[in-house]
Each structure stands twice: as structure tokens, then as C-alpha cells.
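In my numbering, the protein residues as written are 48 to 526. Cβ atoms here follow ideal geometry from the backbone N, Cα and C, with glycine treated the same way.
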């Protein structure tokens, strides 16, 4: 293992995180907030540690698969550790476990919170919470690869380990240029959303933070009332469209911008994603219409909530705990489905769901026609057995983490709906669950052990199981 390159890369990453903290520091200075001192202290400390680790590039700057997985797994722990310090030092979240949970939730774009009264937070801390969503959505290491020279090659291993989904490819021949393209598209879409929210009368600070949360599909809100505070069909419509957009594979967005419409139209995952949203919205609308005495109002709440949950953003405009059980069940299932591969969304991913379904149909056909050769076709190509094995392995490890988390959180002796949805919302990086951890609740009442367990589950979910599990493998450390 190239240990020197690992230390060098992690040092660069800490320097990047330190520079990011200048932004909430600036917000504090502009608003004359004392919390700026906390961000200044952490900026200096984090930057100095980063300089000590990354000031000298090693002679061998190659990153292989092993280094890539290790860097990704450890970096997210370091990011969350240092990112939590301003909350503790400022006294806004005195408990380090609570601050760590909040920061992990931010960087993993989960949006689960331990705060019962968000309105009392300083503007600097509100900005930092939402900004962690924006950075974590596309990936801090993807940003580092894009704009800071690291390795002589093979940085694709970092992108594969950090980007959501099982299919991650280069947009162009050079990995660094691909990462730059992704971030440019990401930034442009974020700016467009900010401008559209401003046109709807949302204040500038609110527009920026809500756009950060939408782009990263995170869902941290500035107020306890969430997006429902604005009570604006226009603003909800804009956020709904952008939630769905950020749940699409960014490769397809890139092709669309280049005018290559055919790959977009041929995408099975995109079609499946949009069909699921349409059917779920229709079902929920019809189910909740009697509550609102209007199909238009029911559609307004249904489409927003469906988009919010399937993209794992986690925004809420109403308390869906009060909805009929059918609608709640639909939302719970959408938590597991998630968005598209190569997007900023979490969950199992639509592509994996489609491939698992096709694999099951293949087995049925094989049983009926034992002599026939049946293949799984996806996006016009035959799927390699290796890909299917990886997906089956992912599903097994995903189930192990989910069941393990469920057993640990059940020790809290809460109701099943709360316990099940707390684990589901964290492993799928959604945010709010149901009952006590629903859109009007929070995770603050849980024990420190449960918060740390859910923090680990959020990291495992965001990094899609394998990078974390590889760190616990004996063969990883031996060979």
C-alpha cells in the first residue's frame, strides 16, 4: 500500500475542508456573530494539520484500488470529525456525539437532525450545515480530484469508491477533466435554482441554503417549519423539479447539454425513475385527496413529497405521519428505491432495482426453458455476470447492515415504525422517517450509542457499503 500517497491525499483533503470553513466564517463576520471565532479556530487547526500531512508530494504518486478505497473510507470520517468541531466549540451543539451525528448527516446528505429548534442556530452554522450537503452530494474527493493535482493516474478508483451507484464512468478520457465537468454542471444547476427561488420571493440567504440542500439531495432546513414555511406553490414547484433533476445520472445531463438526446431517451434507468415517480404521485394523490378536499392541493403535496423521498432529499411541506397508511407505505418503499446511479441521491438506486428484477425474470425463464441461454440485457447491452454478482453482494451486505442497525436501535424500546424508519432513512440517506423521527420530530432523544450507530450506517449508506466493509477485511490488510 502506498502509505505516503494516502497521507498526502488526506492532507490535501483537510486543507480543502479548512478552506471551505472560510465561507461560514465570512457569513459570521457579515452578520456580526460570535460563532465566527469557532470557525476561525477550526480553520487554522485543520489547515495546519493538512499542511503537515500534504506539504510534500511522494515520489510514487500512484493510487491503486486499495489506496482508493482506504482514502475514501477514512476521509469521510476525518471530514465529519473536523466538520463537527465548530458546533462544539461555539456551544451551539455542546455534545460532540450530537455534533458528529449532525455533521455526518450533512456530508452524507442524509438530513437527519438532532436539533429540536433549528431557528435558534446562528446563520454561520446554518450555512455550514447546508453547505456540507452541497459538498457531500457530489463528493469532497471528487472536488479534490477535480481542482487539486494529486496522483499521476488511476484516480478513477477514488471516483468509483465515492460516486453513488454501481456504474461510474469517465465523461472524457481524463479523470480530472471528468470531475471538473461534473462539478461545473453541479454548480451551474445550483445557481439556476437560486435565481429561480429569488424570483419567487424567497430571501437570498434562504435561496442559497435551500438550493444547497436540494442540489446535494440532503434536506437540512433553515427553520423547524421546513419548506412549508413559505407556503408557495411556485417555490415548491421549483424545488420539486430540481430535486428530480439532481436525482438523475449526471452523465445523462452532460449528454443532454451537448445535444446528444438519443442516449437520454434510451436510458432505461431514467425511464424507470420517472415512471416510479409518476405512479407513486398518482397513488398518493388519490389516497390523500379526501384529506384536502381538492385533487390539486393533494397533487401539490404528493408530488413534492414523492420527489423528496425518492431522491432522498428529505424536505417536507406537511406532516405525512398524518397521511393514510397506503401513502406512508409508498413513501417508505421509495426510501429504499432511491434515485439514479451517478446522481447525488441515495437509496439502493433505480438501476440496481431494475437489474435485480430482470435477473429474477431471467431465472424464471431459465426454469421454464432449461436448455435455453438467457441473458440479462440493460441499456441495450448484455450485463456481465460480474456486475450481477457485485449487485447481489451489495444487497446482501446492505441487508446485514440494515438488520444489524435495526437490532441495535431496537434496544431503545421505541415503537416499530420509529425504529424501522430510523434505520431505513439513515442507510438510504433520506433524513426524516416516521413517527418520532418523522418530519416534525428529530433524532435528539436517542442515546449516544444509537446516534453513533446511525452515524456509521449513514456513512455506509453514502459510500454504498463496499469502501467501509473493505476496511474490515483481513485480506485487505494482508495482501
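- Relative to the Cα of residue 517, the nearest Cα in the group 112, 96, 126, 80 belongs to 112.
- Per DSSP, reduced to three states, the secondary structure at residue 281 is helical.
- Exposed is the label assigned to residue 373, since fewer than 16 other Cβ atoms lie within 10 Å of its Cβ.
- In the structure shown, the three-state DSSP call for residue 336 is helix.
- An exposed status is given to residue 79, since fewer than 16 other beta-carbon atoms sit within 10 Å of its beta-carbon.
- DSSP places residue 230 within a helical segment (H, G or I) once states are collapsed to three.
- Pairwise C-beta distances place the region 270-280 out of contact with the region 304-315, as fewer than three of them are shorter than 8 Å.
- Our two residues, residue 223 and residue 60, have alpha carbons roughly 16 Å apart in a direct line.
- A distance below 7 Å between beta-carbons, with the five flanking residues on each side excluded, links residue 94 to the following residues of its chain, in chain order: 62, 65.
- A Cβ-Cβ distance of about 7 Å is found for the pair residue 498 and residue 490, placing them in contact under the 8 Å criterion.
- For the set 277, 182, 267, the Cα lying nearest the Cα of residue 231 is the one of 182.
- For residue 428, the beta-bridge partners assigned by DSSP are 425.
- Proximity of the region 142-155 to the region 502-518 meets the contact definition, three or more beta-carbon pairs being nearer than 8 Å.
- By the Cβ neighbour-count rule, residue 376 is exposed, with fewer than 16 other Cβ atoms within 10 Å of its own.
- The shortest C-alpha to C-alpha distance from residue 49 to any of 105, 383, 387 is the one to 105.
- For residue 471, the enclosing alpha helix (DSSP H) covers residues 463-474.
- In this structure, residue 359 sits near residue 476, with a CB-CB distance shorter than 8 Å.
- The straight-line gap separating the alpha-carbon atoms of residue 398 and residue 316 is approximately 5 Å.
- CA-CA distance, residue 415 to residue 319, rounds to 27 Å.
- The residues 147, 148, 151, in chain order, have a CB closer than 7 Å to that of residue 502 in the same chain once the five nearest residues on each side in sequence are set aside.
- Boundaries of the alpha helix (DSSP H) harbouring residue 301: 297-304, taken from the DSSP string.
- In the three-state DSSP reduction, residue 416 falls in the coil class, being neither helix nor strand.
- Pairing residue 114 with residue 52 gives a Cβ-Cβ distance under 8 Å.
- Relative to residue 174, the option among 76, 451, 187, 189 whose CA is nearest is 76.
- Counted as a single uninterrupted DSSP element, the alpha helix (DSSP H) harbouring residue 175 occupies residues 170-185.
- Considered as a whole, the region 321-372 harbours no complete run of any beta strand (DSSP E) with no fewer than 3 residues.
- The residue from 386, 323, 463, 243 with its alpha-carbon nearest to that of residue 265 is 386.
- The DSSP-derived three-state label of residue 250 is coil.
- Per DSSP, reduced to three states, the secondary structure at residue 166 is helical.
- For the pair residue 131 and residue 226, the Cα-to-Cα distance works out to about 27 Å.
- If you draw a 10 Å sphere on the C-beta of residue 432, you find fewer than 16 other C-beta atoms in it, and that means exposed.
- Non-local beta-carbon contacts of residue 352 in its own chain, meaning distances under 8 Å to residues more than five positions away in sequence, involve 331, 363, 364, 365, 367, 378 in chain order.
- Burial check for residue 343: the Cβ neighbour count within 10 Å stays below 16, so the residue is exposed.
- Looking at the backbone, the Cα of residue 301 and that of residue 252 are separated by about 29 Å.
- Contact annotation: residue 486 and residue 119 have beta-carbon atoms that are not nearer than 8 Å.
- CA-CA distance, residue 137 to residue 125, rounds to 20 Å.
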